[in-house]
Amino acid sequence: MPFQFFGTSGAVPSPGRDNTALGLYSKDEVVLVDCPGSPYQKILKAGLDPMRVSSLIVTHRHVDHVYGIPSLVHNMGLAGRRTTLHVYALADTMKILRGFMDLFPLEAKMPYRIELHDVPAKEGHEVLQTRGFTIRSTPVKHGAPNIGLRLEFDSPGERGTIVYSSDTSPCPSLLALARGADVLIHEATFLHSDAARAAADGHTTGYQAGEVAEQAGVKRLLLCHFSADLHGREDELRQEAMRSFGGPVEIPEELREYRI
Ligand SMILES: [Zn+2]
Ligand SMILES: [Zn+2]
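In structure tokens, the structure reads:
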């Protein structure tokens, strides 16, 4: 089960890191998680076929997680997409997505359907199932209603679990979601010296991300959503997380293919 980071930055990007987003894929389809930047170009740069993108999950309404959606929808239409694109989000996030559709207006002009699916703010909700994997969501603790995701895949020769925190402060629901995962992708917006700011803004420090990984018993921790002033100093976050987590901690590269 490969996955890629289309971006790894917090809300402000830098020349080396774009806003955090993920591509998850099986043999048949690609699921996008969050949609900043130029998503269509990222899909191409990742070596994926944009027409294989079946679904987009939008974790929350903050600008750095949604602003590429009109561009993705428009590009797919101009490129001749005919198959339905499924979009999943909490009701709070859906208001923004419907606003995008009205603003441009995209839906009526596109040669394909966009189906919006409301995700309830409920622990362990099954968002979608593909032939290779199942994705469940759980509310996490952030400045806007938000969901963390747990992806369990079971295909010939490959089984495992990836959990993505999205933007959050450490919280019991995320800990439960992450329990026993092979890979925990966790935000680490700040260093622990900024713990007060992290708590106020609904974010996590490198040290706290390590604590979550340790308490949840995950095998491997990948950090993301780094504040721009830490770009070039990500190893400090990694070192912090290694103080609280006994397993391997990685700073991911954008558009590199990862496996469990
Ligand atoms: Zn964010
Ligand atoms: Zn956010």
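Residue numbering for the sequence shown follows this note's numbering, beginning at 76 and increasing consecutively.
Ideal placement from N, C-alpha and C gives every residue a C-beta, glycine not left out.
A direct Cα-to-Cα measurement between H306 and F81 gives close to 16 Å. Ligand 1 has a heavy atom closer than 7 Å to the beta-carbon of H137. Positions of the beta strand (DSSP E) runs, each at least 3 residues long and wholly inside the segment 119 to 143, are given as 128 to 133 in order along the chain.
Residue pairing by DSSP puts C299 in a beta bridge opposite E262. Shown here for G255: same chain residues with a beta carbon closer than 6 Å to its own, the five before and five after excluded, namely G292 in chain order. Put simply, the backbone Cα of A273 is about 17 Å away from that of T95.
The secondary-structure analysis by DSSP pairs V202 with nothing; it has no beta-bridge partner. By alpha-carbon distance to L330, the top candidate from A86, R92 and P88 is R92.
In this structure, the C-beta of H306 stays at least 7 Å away from each heavy atom of ligand 1. The residue from S268, T158 and D304 with its alpha-carbon nearest to that of E315 is S268. Going by DSSP, A284 is part of the alpha helix (DSSP H) stretching over G281 to A291. In the structure shown, S212 adopts extended strand secondary structure according to DSSP, grouped into three states. Within the same chain, and ignoring the five residues on either side of L181 in sequence, the residues whose Cβ sits closer than 8 Å to its Cβ are P145, V148, H149, G152, F175 and I189. Rounded to the nearest angstrom, the Cβ distance from A263 to F301 is 7 Å, consistent with a contact under 8 Å.
Non-local beta-carbon contacts of H278 in its own chain, meaning distances under 7 Å to residues more than five positions away in sequence, involve D242, S244, E262, T264 and F265 in chain order. By the Cβ test, the segment 228 to 237 is not in contact with the segment 280 to 290, since fewer than three Cβ pairs between them sit closer than 8 Å. Under DSSP, the beta-bridge partners assigned to V324 are L296. Collapsing the DSSP output to three states places V148 in a helix.
Spatial neighbours of A253 in its own chain (CB-CB distance under 7 Å, excluding positions within 5 residues in sequence) are listed in chain order as V238, L259, V287, A291 and V293.
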